[in-house]
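Top line first, the protein sequences correspond to chains H and P.
1 is the number of the first residue of the first sequence in the working numbering; add one for each residue after it.
115 is the number of the first residue of the second sequence in the working numbering; add one for each residue after it.
Just so it is clear, CB atoms sit at the ideal spot from N, CA and C, and this is done for glycine as well.
In what follows, a structure is listed as structure tokens, so that the remarks can point back to it.
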Amino acid sequence: DQQVKQNSPSLSVQEGRISILNCDYTNSMFDYFLWYKKYPAEGPTFLISISSIKDKNEDGRFTVFLNKSAKHLSLHIVPSQPGDSAVYFCAASVVSGTASKLTFGTGTRLQVTL
Amino acid sequence: EAQVTQNPRYLITVTGKKLTVTCSQNMNHEYMSWYRQDPGLGLRQIYYSMNVEVTDKGDVPEGYKVSRKEKRNFPLILESPSPNQTSLYFCASSQGNEQFFGPGTRLTVL
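Right, here's the structure in full:
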């Protein structure tokens, strides 16, 4: 059973516009959420995260929104740039001790066009 | 430079021939983990280790073994590889919620 879902396998956005990537989860015990970005032939790299006690976290062009009641989070990229073209993974964890097990979604491939 | 390294990066092998994929991190992290990435399935955890000599199964452990004799190293062992283990493998380490990933190992089992 997929506990973290990314229902859009791909997304195409024009340069300069906003990219919105969505993620849904089913496990109400998740209390920390992360977005990872992955380029071809590289490992995923951490992008931004949010704790369940917040509903928004912003870092430059990237903002993550969390709606706990809907078990939904989204990543907004504005303005989108060609270098943002990559696969984006949503991940969730239950915070415990010094490190937490991450459960990943299936990924969304973002293509930013000129 | 803080990093997670994996070797080899690419491997083609045949069914039943034992292989080991090495993973090493230089960040003194206690937690290390192995994932496989398959189309349409995202990243799925194979095994993880909370510290030296402490390992546990992830979501898809069948056909894999791991060991954690030193803090920096976490090798993934396939005793008898099968074609359904053809995949892209990632090692990761962390000391909190953010995990740092290696560059990946693309394994093909014929």
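Which same chain residues end up closer than 8 Å to residue i when comparing Cβ atoms and leaving out the 5 residues on each side of it in sequence?
| i | result |
| --- | --- |
| R123 of chain P | P217, G218, T219, R220 |
| K101 of chain H | S93, V94 |
| P197 of chain P | T129, V223, L224 |
| N7 of chain H | N22, D24 |
Helix, strand or coil for residue i? Go by DSSP, reduced to three states.
| i | result |
| --- | --- |
| Q14 of chain H | strand |
| Q199 of chain P | helix |
| D84 of chain H | helix |
| Y178 of chain P | coil |
| K68 of chain H | coil |
| S57 of chain H | According to the sequence provided, residue 57 of chain H is Asn. The question's Ser does not apply to it. Of the three classes helix, strand and coil, the one that applies to N57 of chain H here is strand, per DSSP. |
| T106 of chain H | coil |
| T129 of chain P | coil |
| H76 of chain H | strand |
| K171 of chain P | strand |
| L130 of chain H | An answer regarding residue 130 of chain H cannot be provided, because it is not within the stretch 1 to 114 covered by chain H. |
| Q151 of chain P | strand |
| Q6 of chain H | coil |
| M141 of chain P | coil |
| M29 of chain H | coil |
Might you give, ordered along the chain, the residues of its own chain that have their beta carbon closer than 6 Å to the beta carbon of residue i, omitting 5 neighbours on each side?
| i | result |
| --- | --- |
| L114 of chain H | E15 |
| I48 of chain H | W35, D59, F62, V64 |
| N187 of chain P | S138 |
| D173 of chain P | R158, Q159 |
| A92 of chain H | V4, Y25, F30, F33, T103 |
| N121 of chain P | T136 |
| T226 of chain P | Because residue 226 of chain P is not part of the residues shown, which for chain P are 115 to 224, the question remains open. |
| V87 of chain H | K38, G107, R109 |
Specify, as a first and last residue, the run of the beta strand (DSSP E) that residue i falls within.
| i | result |
| --- | --- |
| K183 of chain P | Note, K183 of chain P: premise wrong, no beta strand (DSSP E); not H, not E. |
| K38 of chain H | 32-38 |
| S49 of chain H | 45-51 |
| M164 of chain P | 156-165 |
| D24 of chain H | 19-25 |
| L221 of chain P | 219-223 |
| Q209 of chain P | Where Q209 of chain P is concerned, there is no enclosing beta strand (DSSP E), given that its DSSP letter is neither H nor E. |
| Q120 of chain P | 118-121 |
| V94 of chain H | Premise fails: V94 of chain H is in no beta strand (DSSP E) and is neither H nor E. |
Classify residue i as buried or exposed, calling it buried when 16 or more other Cβ atoms lie within 10 Å of its own Cβ.
| i | result |
| --- | --- |
| P44 of chain H | buried |
| M141 of chain P | exposed |
| I126 of chain P | exposed |
| V128 of chain P | exposed |
| K38 of chain H | buried |
| G210 of chain P | exposed |
| S208 of chain P | buried |
| S69 of chain H | exposed |
| S201 of chain P | buried |
| I53 of chain H | exposed |
| G107 of chain H | buried |
| G154 of chain P | exposed |
Is the Cβ of residue i closer than 7 Å to any Cβ of chain B?
| i | result |
| --- | --- |
| L157 of chain P | Any reference to chain B falls outside this structure, whose protein chains are H and P. |
Should the region 193-211 of chain P be regarded as contacting the region 9-24 of chain H, the criterion being three or more beta carbon pairs within less than 8 Å?
no
Inspect the CB distances between the region 80-93 of chain H and the region 6-17 of chain H and report whether three or more fall short of 8 Å.
yes
Specify whether the region 149-167 of chain P and the region 179-189 of chain P touch according to this definition: at least 3 beta carbon pairs, one from each stretch, less than 8 Å apart.
Touching, yes, given that three or more Cβ pairs across the two stretches are closer than 8 Å.
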